[in-house]
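Numbering (the numbering used here), first residue to last: 1 to 181.
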């Protein structure tokens, strides 16, 4: 009986020490990774390139990012975020992580994110003049005036616009306005 208790205690101690070892290894691996230069700075990458996807995976490990964040954080935006953070040294993942964390706290980011979510919502709703009373709230959030709302209702009531979603209709409407000027 005594041997079993001793064995259990010894096993618990070894397990405890092993957890410290793996934590230290993880921490050392993270430190090494954070000291590397992001791939998108080494060459011109598109957001679909595997090396840029690796950059996003690294960011996601250290910064809470959702699908909207990832949609926003394209290479060009990350260049801008870094340039606005006034980095004077070689840029590493650590620098990028700090810059993205600061960027996400920015009011401009919050507003931009709201805009992306609004456009996604607009893209998911089919144009329906009969439901305009409810749907016009989307366009009020875009800053439409009463006159704009009436004009847009006339635009979406045309038969050629009935198969569009609200995002497509909005873009077509804005293009039509630009062509008038």
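Every residue gets a Cβ at the ideal spot worked out from N, C-alpha and C, and that includes glycine.
Cβ-Cβ distance between residue i and residue j below 8 Å
i, j, result
"residue 172", "residue 161", "yes"
"residue 141", "residue 118", "yes"
"residue 35", "residue 95", "no"
"residue 182", "residue 68", "One cannot answer for residue 182 here, as it falls past the ends of the chain, which runs 1 to 181."
"residue 144", "residue 155", "no"
"residue 58", "residue 33", "yes"
"residue 52", "residue 97", "no"
"residue 70", "residue 113", "no"
Cβ-based neighbour list, residue i, same chain, cut-off 7 Å, excluding 5 preceding and 5 following
i, result
"residue 85", "99, 102"
"residue 109", "103"
"residue 177", "none"
Delimiting residues of the alpha helix (DSSP H) encompassing residue i
i, result
"residue 143", "Premise fails: residue 143 is in no alpha helix (DSSP H) and is neither H nor E."
"residue 176", "166 to 180"
"residue 37", "Premise fails: residue 37 is in no alpha helix (DSSP H) and is neither H nor E."
"residue 126", "Run containing residue 126: none; DSSP gives neither H nor E here."
Neighbourhood of residue i by C-beta distance below 6 Å, restricted to the same chain and skipping five residues each side
i, result
"residue 137", "none"
"residue 55", "38, 39, 40"
"residue 79", "none"
Check: residue i C-beta below 7 Å from any heavy atom of the ligand SAH
i, result
"residue 44", "Within the structure as shown, the ligand SAH is missing, as the structure has no ligands at all."
Contacts around residue i, its chain only, beta-carbon distance under 8 Å, and the 5 residues preceding and following it disregarded
i, result
"residue 123", "165, 166, 167, 168"
"residue 183", "Nothing can be reported for residue 183: it is not among the residues displayed for the chain, which extend from 1 to 181."
"residue 129", "153, 156, 157"
"residue 46", "52, 75"
"residue 132", "153, 156"
Per-residue DSSP class, three states only, for residue i
i, result
"residue 42", "helix"
"residue 47", "coil"
"residue 163", "coil"
"residue 104", "helix"
"residue 120", "helix"
"residue 114", "helix"
With a floor of 4 residues, list each alpha helix (DSSP H) that falls wholly inside the segment 54 to 92, ordered by position along the chain. 67 to 72, 75 to 84
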